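One structure is given here, and the rest of the page talks about it.
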Amino acid sequence: MDIDLAGIRLDSFDSKPSPLGSLVWSPGLLSRNGVRYLRCRTWRVNAKKDDLSALRSAKLELAAAFVSGICDDMEPLLFEMFGVGFFDAVVPVACGHSRRPNCLSVRIAVELAGRIGAELSKAFTDRFVSGSSHPKEFSRLPPLEVETVPKGRTLVVDDVATSGFHMHEALAVLRSHSIPAFGAVWLAGVRQE
Numbered sequence: 300m301d302i303d304l305a306g307i308r309l310d311s312f313d314s315k316p317s318p319l320g321s322l323v324w325s326p327g328l329l330s331r332n333g334v335r336y337l338r339c340r341t342w343r344v345n346a347k348k349d350d351l352s353a354l355r356s357a358k359l360e361l362a363a364a365f366v367s368g369i370c371d372d373m374e375p376l377l378f379e380m381f382g383v384g385f386f387d388a389v390v391p392v393a394c395g396h397s398r399r400p401n402c403l404s405v406r407i408a409v410e411l412a413g414r415i416g417a418e419l420s421k422a423f424t425d426r427f428v429s430g431s432s433h434p435k436e437f438s439r440l441p442p443l444e445v446e447t448v449p450k451g452r453t454l455v456v457d458d459v460a461t462s463g464f465h466m467h468e469a470l471a472v473l474r475s476h477s478i479p480a481f482g483a484v485w486l487a488g489v490r491q492e
């Protein structure tokens, strides 16, 4: 279930172009198995194929400007939702299909933690796997292992949520350790425009 949060967007933010292709600014709360998380942008249905190709290239390069553009999307939305100083820690979802320890989720977490004055916590052990990141492949993943339990109110970040599996998994594991955790993903869902 989606909850549209478009009413909270900032006037100066509306005209800001996407850091990648023609993605649509579409803040909302998404849910998987009763766990909610925040979304910033959606794919534009008629441009998704090209934008997905551009995203794959950008994830290989991981240019600082690309990561900053994503954080430029996420930071004001988090501020509107939670205010200043709300989160004590920022945690990336575990790296996996990119097969690199400094995957895009980690790079987003590093920059966002610095911007919002929170501690970076690489809470989860990486799970490097081959193939594509697709919901039908998730059953083959090893269980998520906690490397370090973050302290305090924790923001879990991911670049793209296809089904919400990784966000749900990360939030559920942290909450099982009595950590108050909330999730934010840069890109999820498709919009007809």
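So in the numbering used here the end of the sequence shown lands on 492, straight run, no missing numbers. Using N, Cα and C, we set each Cβ at its ideal position, and we do this for glycine too. Just so it is clear, the structure is predicted and the values come from calculations on it, not from any experiment.
Inter-residue spacing [alpha-carbon to alpha-carbon] between residue i and residue j
i, j, result
"R335", "F481", "8 Å"
"S356", "G333", "33 Å"
"L376", "M466", "18 Å"
"T424", "G463", "19 Å"
"A364", "N401", "16 Å"
"R490", "E444", "34 Å"
"A471", "R331", "11 Å"
"E410", "E468", "23 Å"
"K348", "M380", "31 Å"
Outcome for residue i when other beta-carbon atoms lying within 10 angstroms are tallied against a minimum of 16
i, result
"R343", "buried"
"L479", "Note that residue 479 is Pro in the sequence shown, not Leu. By the neighbour-count rule (16 or more Cβ atoms within 10 Å), P479 is not buried but exposed."
"R474", "exposed"
"G327", "buried"
"A362", "exposed"
CB contact flag (residue i, residue j, <7 Å)
i, j, result
"A417", "V456", "no"
"T447", "A487", "no"
"I369", "P318", "yes"
"V520", "G395", "Since the first residue of the chain shown is 300 and the last is 492, residue 520 is not available in this structure."
"A412", "L403", "no"
"R338", "L329", "yes"
"P449", "A388", "yes"
"R426", "L440", "yes"
"F386", "L454", "yes"
Close beta carbons around residue i, own chain, < 6 Å, minus the five adjacent residues each side
i, result
"V459", "L486"
"S477", "none"
Among the options, the one whose alpha carbon lies nearest that of residue i
i, options, result
"L359", "R399, D349, W324 and L473", "R399"
"A408", "R426, G382, M380 and S367", "S367"
"S397", "S325, L354 and M373", "L354"
"W324", "L361, E468, P391 and M373", "M373"
"R406", "R414, P391 and M380", "P391"
"D371", "G382, D349 and R414", "R414"
Close-in-space but distant-in-sequence residues of the same chain around residue i (CB under 8 Å, 5 per side omitted)
i, result
"A346", "G320 and S321"
"D310", "Summary for D310: the model assigns pLDDT 43, below 50, so the residue's position carries little reliability, and this model does not support an answer."
"G382", "none"
Contacting residues, own chain, Cβ-Cβ under 7 Å from residue i (five flanking each side not counted)
i, result
"R340", "S317, L322, V323, W324, S325, D372, W485 and L486"
"I307", "Reliability fails at I307, whose pLDDT of 48 lies under 50, so the model's placement of it is uncertain and no value is given."
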